[in-house]
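**Q** In my numbering, the protein residues as written are 3 to 227. The beta-carbon is built from N, C-alpha and C at its ideal position, and this holds for glycine as well.
This is the structure we're talking about:
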C-alpha cells in the first residue's frame with residue numbers, strides 16, 4: 003500500500019493494520035453538504051489550535067499533556083477536533099475507530115456521549131485532517147486561477163460535483179475516475195494538459211463577453227433595418 007503523497011494520499015500504519023486516506027472529490031462529499039465542507043475547513047484552519055501547537059512544539063519539542071487537556075476543554079478545540087474526526091473518517095473506507103477513537107453513550111448525567119480515545123493523539127489527528135482537506139478542496143499545485151473558479155474565493159460552500167463534471171469534460175474520463183481525483187491531482191492534470199495555463203481569467207472573460215455582446219447587438223441592428 004503505497005500512497006501518492008504528492009496528491010494528498012497518506013497511509014497510517016499500526017502493528018495490526020495499514021490505513022489508507024485519500025481526499026478525493028467523492029470523499030469530500032462524504033464530509034457533508036457543500037456548506038458543511040467549507041465549515042469543516044474553517045474549523046480546522048481558522049481556529050486557535052494550530053498556533054498553540056506550533057508555539058508548544060517550538061518551545062518544548064512536543065505538545066505537553068496540560069495543553070492537550072486545555073484544548074479539549076475549549077469550544078474552539080472541540081470544533082476543530084470534531085471537524086478533524088469527520089474529515090479523517092470521510093477520507094477512508096476503513097473502520098478507524100481504533101485509530102482515532104469513538105463516541106460511546108456516557109453513564110454520567112448531562113453527558114449523553116463520552117469519547118474513547120484511539121491510538122492517535124488529538125494533535126496528530128488535527129494536522130493530518132488539515133492536510134487532507136487542503137488537498138481535497140484547495141489543492142497544493144500551482145495553477146493559474148481561471149475565471150470559473152475565481153468567484154470561489156471566500157465562498158460559503160464547496161461543490162465537489164462541479165469539479166467532477168469539469169474533470170470529465172477536460173480529460174474525457176469516467177465519472178468514477180473523476181470522483182477519485184483529489185483537488186491537487188486535478189490541478190496537476192490541468193497543468194499537464196494546458197502547460198501554458200490556457201483559460202480565461204475574470205478580466206479576460208469579461209472583455210471577450212463584452213465584445214461578443216457588442217457584435218450581437220450590431221447584428222441585430224443590421225437585421226432590423
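How big is the Cα-Cα spacing for residue 63 and residue 165?
**A** Within the chain shown, residue 63 is the residue found at index 61, counting from 1. Within the chain shown, residue 165 is the residue found at index 163, counting from 1. Distance between the alpha carbons of residue 63 and residue 165: 40 angstroms.
**Q** DSSP beta-bridge partners for residue 14?
**A** Within the chain shown, the letter at position 12 stands for residue 14. Residue 14 pairs with 21.
**Q** Could you tell me which of 163, 134, 57 sits nearest to residue 10, measuring between CA atoms?
**A** Here residue 10 refers to the residue found at position 8 of the chain shown. Closest option to residue 10, Cα to Cα, is 134.
**Q** So the beta strand (DSSP E) residue 107 belongs to, where does it begin and stop?
**A** Here residue 107 is taken as the residue at index 105 of the chain shown, counted from 1. Element bounds for residue 107: 104 to 107.
**Q** Quick one: Cα of residue 87 to Cα of residue 96, how far?
**A** Mapped onto the chain shown, residue 87 falls at position 85. Mapped onto the chain shown, residue 96 falls at position 94. One C-alpha to the other measures close to 13 angstroms.
**Q** Name, in chain order, the residues that DSSP records as bridge partners for residue 235.
**A** The requested residue 235 does not occur in the structure, where the chain is confined to residues 3 to 227.
**Q** By DSSP, does residue 48 sit in helix, in strand, or in coil?
**A** Here residue 48 corresponds to residue number 46 of the chain shown, with the count starting at 1. Residue 48: coil per DSSP, three-state reduction.
**Q** Quick one: grab the DSSP three-state call for residue 184.
**A** Counted from its first residue, the chain shown places residue 184 at position 182. Residue 184 falls in the strand class under three-state DSSP.
**Q** Buried or exposed for residue 75, please, with buried defined as at least 16 other CB atoms from any protein chain shown within 10 angstroms of its CB.
**A** The count along the chain shown starts at 1 and reaches residue 75 at position 73. Taking every protein chain shown into account, the CB of residue 75 has fewer than 16 other CB atoms within 10 angstroms, so this residue is exposed.
**Q** So which of 182, 195, 43 has the shortest CA-CA distance to residue 6?
**A** In the chain shown, the residue the question calls residue 6 occupies position 4. Nearest of 182, 195, 43 to residue 6, Cα basis: 182.
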